[in-house]
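Step one of this worksheet: look at the structure below.
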Amino acid sequence: METTKSHIALLASPGMGHLIPVLELAKHLVSLQSFKVTVFVVATDHASLANTHLLQSPADSGDLLDIVLLPFIDVSDIGGPSVSFIATIVTTVLRSLPFLRSEISKMEFRPTALVVDLFGTDALEIADEYNMLKFVFIASNAWFLAVMLCTPEIDRKEIDEHGKKRKPLHIPGCKPIKFEHNLDVFFMDPNDPFYQGYVEAINKMSLTDGILVNTWAKLEPTTLKALRETKKVPIYPIGPLVRPIEKSVFGNEIIAWLDKQPKQSVIYVSFGSGGTLSAQQIKELAWGLELSQQRFVWVLRPPTENDAAGTFLALGNGSDATLDYLPDGFPARTQDRGLLVPMWAPQVEVLSHPSIGGFLTHCGWNSTMESIVNGVPMIAWPLYAEQKMNASMLTEDIGASIRVMAVESDAAVGREEIRSVVRKILVDRQGRNIRSRIKELKDSAVNALAKGGSSYNSMSQVANICIQHLKTKASGA
Numbered sequence: 181m182e183t184t185k186s187h188i189a190l191l192a193s194p195g196m197g198h199l200i201p202v203l204e205l206a207k208h209l210v211s212l213q214s215f216k217v218t219v220f221v222v223a224t225d226h227a228s229l230a231n232t233h234l235l236q237s238p239a240d241s242g243d244l245l246d247i248v249l250l251p252f253i254d255v256s257d258i259g260g261p262s263v264s265f266i267a268t269i270v271t272t273v274l275r276s277l278p279f280l281r282s283e284i285s286k287m288e289f290r291p292t293a294l295v296v297d298l299f300g301t302d303a304l305e306i307a308d309e310y311n312m313l314k315f316v317f318i319a320s321n322a323w324f325l326a327v328m329l330c331t332p333e334i335d336r337k338e339i340d341e342h343g344k345k346r347k348p349l350h351i352p353g354c355k356p357i358k359f360e361h362n363l364d365v366f367f368m369d370p371n372d373p374f375y376q377g378y379v380e381a382i383n384k385m386s387l388t389d390g391i392l393v394n395t396w397a398k399l400e401p402t403t404l405k406a407l408r409e410t411k412k413v414p415i416y417p418i419g420p421l422v423r424p425i426e427k428s429v430f431g432n433e434i435i436a437w438l439d440k441q442p443k444q445s446v447i448y449v450s451f452g453s454g455g456t457l458s459a460q461q462i463k464e465l466a467w468g469l470e471l472s473q474q475r476f477v478w479v480l481r482p483p484t485e486n487d488a489a490g491t492f493l494a495l496g497n498g499s500d501a502t503l504d505y506l507p508d509g510f511p512a513r514t515q516d517r518g519l520l521v522p523m524w525a526p527q528v529e530v531l532s533h534p535s536i537g538g539f540l541t542h543c544g545w546n547s548t549m550e551s552i553v554n555g556v557p558m559i560a561w562p563l564y565a566e567q568k569m570n571a572s573m574l575t576e577d578i579g580a581s582i583r584v585m586a587v588e589s590d591a592a593v594g595r596e597e598i599r600s601v602v603r604k605i606l607v608d609r610q611g612r613n614i615r616s617r618i619k620e621l622k623d624s625a626v627n628a629l630a631k632g633g634s635s636y637n638s639m640s641q642v643a644n645i646c647i648q649h650l651k652t653k654a655s656g657a
C-alpha cells in the first residue's frame, strides 16, 4: 500500500445509532477524498450484526474501505438488567481497546488519524502512541456538543439549582437547558464514577485536533458561532450524514404497500433502533392511530416497562410477529389503512417514499436528519438521552415538528392527543406550514453537502489537515 494516501481509522461504539453515522462518515471520506478508511466496530450483539448488510463494504469503495469487527466482549459481570445501556457501552468499549491497539499495531500502513465518538475517548491514547491525529465525531447536533463542552465549567451550585429548583442551565451563547430536557448528566452525583468519566471524556475531547459534528452551518448558526468563539477546539460541521437509499429494498412489502397509497397520506411511526414503550403506552398509541382515521405504517416492538431504550444495543432485523400486546381487534379494524411492521423497517426508503406525509419519531438525531433530508415533517416524541433537547430544537427553534404532550410529565401520552397530532401533521394547516419549512431545510442540507457548500468545505479542511500530517511524518519532521 502506498504511503502517500491518508489512512483514517474510525471506532464505532455499540448501537445502531452510533454505527450507522460512523459508516456514513467513512463512505464520505472514501468517496469525496479517496482516503483509505478502516472502521473498527465494537458490538455487544455479534450474531445479529452478522445478519445485517452493514459490515459489507460498498461495491464502489474498491479496496479503500475496510470494516473490522472487533472480538466479542463479555460484560455480564458488571451487573444485571438494571445496568444502564450507557454503562454497558462504556465498559464494552474500554475492554475492546487492547484488540484495537493490536489491530493497529499489525498494520503495514498505519492510520494518519483516529476518529472516535463520545464513548471512545479512551482510545485516543492509542493515537498518541502511533503519532496519529485525533478527532472526535459527535453524531448529534451542535447544541448537544456545546452543552457537553461546557459541563466541566458550569458552577456546581447552578447544576444543583437546575435539579432541585428546576432553574434553566445557561450555556454561553446558546439556548439554555430546561429542567424538562431531563439531561441525565445534570442529575448525577458529581462523585459518581460515570459522571467523573463523562467529564474526563469531555476534557480529552478538548485536547483533540478537532470535533466533527453531524449538523450544518445554516441549521445551527448561533450555536456554531458560540462554539467557535470559545476557541476550545476546532469544530467541523460536516452533516447531514445519512444512509443513502438502497434500490435493492424496492420490492419490499412495505414499499409495495406504500406504492398503493395517495401522496403524503401516511404517517410513519417508529422509535428508532433502541426506543421501546410500555404496554399501556402502546395501547394508547394504537387507539390514537385508529381514532385519527389516517393511514399509517407502524414499526412495533414488544412493550418494555421502565426502560425507554430497551433495544438500543440490539442489532439486526429481528422479528416478533405475535403482536398480542395490541388492543383486541386492532389489526383487523385498521387493516385497510394501516400496516404493522414487527421490529424493523428500511427507514430511509420509507421516508423517501412520496406517500409519506409525516414521521412520528423519538427524535434520535439520525432519524431527525433522515426526515429532514427527505423533506418529511415530524411529530416529536422523545424518549431518552438528548432526545428531549432535540425535540425542543425541532419544535421551538427550527419549526420542523409538532410535539406530543402527556397530561402529566410521567403519564402515558393519551389517545386523544395522539389522534390530534396525527391529524395536525397530515390534514390541518399546521402540517402544511411545517412541510413548507421542512422543504427549506432539505434544500439547505443539499446545499451544505454540495461542492463549495459549508459541510463540504469543513470536510475538506479535515482532509487537508490529515494530508499535511502525513507529509510531515513522511519528511521525518
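Going by our numbering, the first residue of the sequence shown is number 181, and it counts up by one from there. Ideal placement from N, C-alpha and C gives every residue a C-beta, glycine not left out. On a predicted model such as this, the values are computed, not experimentally measured, just so you know.
{"Item": "Answer yes if the segment 559-572 comes into contact with the segment 355-369, meaning at least three C-beta pairs across the two stretches below 8 Å, and no otherwise.", "Value": "yes"}
{"Item": "Please state the DSSP three-state secondary structure of residue 518.", "Value": "strand"}
{"Item": "Among 370, 325 and 304, which one has its Cα closest to the Cα of residue 339?", "Value": "370"}
{"Item": "In the DSSP assignment, find the unbroken beta strand (DSSP E) run with residue 295 in it and report its ends.", "Value": "293-296"}
{"Item": "Please list the terminal residues of the continuous alpha helix (DSSP H) segment that includes residue 621.", "Value": "609-629"}
{"Item": "Return the CA-CA distance between residue 305 and residue 311, expressed in angstroms with no decimal places.", "Value": "10 Å"}
{"Item": "Just reading off the alpha helix (DSSP H) that residue 647 is part of, what are its end residues?", "Value": "634-654"}
{"Item": "In terms of alpha-carbon separation, which member of 354, 390, 581 and 368 lies closest to residue 401?", "Value": "354"}
{"Item": "For residue 207 versus residue 187, is the C-beta spacing smaller than 9 Å?", "Value": "no"}
{"Item": "Pick out whichever of 527, 266 and 520 has its Cα sitting closest to the Cα of residue 541.", "Value": "527"}
{"Item": "Would you call the CB atoms of residue 473 and residue 517 closer than 9 Å?", "Value": "yes"}
{"Item": "On the DSSP bridge assignment, give the partners of residue 246 in chain order.", "Value": "218"}
{"Item": "For the alpha helix (DSSP H) containing residue 528, list its first residue and its last residue.", "Value": "527-531"}
{"Item": "If you measure between the beta carbons of residue 404 and residue 295, is that distance less than 9 Å?", "Value": "no"}
{"Item": "Just to confirm the assignment, what range does the beta strand (DSSP E) spanning residue 581 have?", "Value": "581-583"}
{"Item": "Pull up the distance between the alpha-carbon of residue 375 and that of residue 445, whole angstroms please.", "Value": "45 Å"}
{"Item": "Span of the beta strand (DSSP E) holding residue 316?", "Value": "313-318"}
{"Item": "Since residue 379 and residue 351 should fall inside the 8 Å C-beta cutoff, what is the C-beta to C-beta distance between them, to a whole number of angstroms?", "Value": "Incorrect: roughly 16 Å between the Cβ atoms, too far for contact."}
{"Item": "Rounded to whole angstroms, what's the CA-CA distance from residue 606 to residue 580? Just pull it up for me.", "Value": "14 Å"}
{"Item": "Do residue 197 and residue 319 have their CB atoms nearer than 9 Å?", "Value": "yes"}
{"Item": "Cβ of residue 390 within 9 Å of Cβ of residue 316?", "Value": "yes"}
{"Item": "How many angstroms separate the CA atom of residue 382 from the CA atom of residue 250?", "Value": "25 Å"}
{"Item": "Can you tell me whether residue 314 is buried or exposed, with buried defined as 16 or more other CB within 10 angstroms of its CB?", "Value": "buried"}
{"Item": "Which of the three DSSP states is assigned to residue 558 in this structure?", "Value": "strand"}
{"Item": "Using DSSP bridges, identify the partner residues of residue 417.", "Value": "393"}
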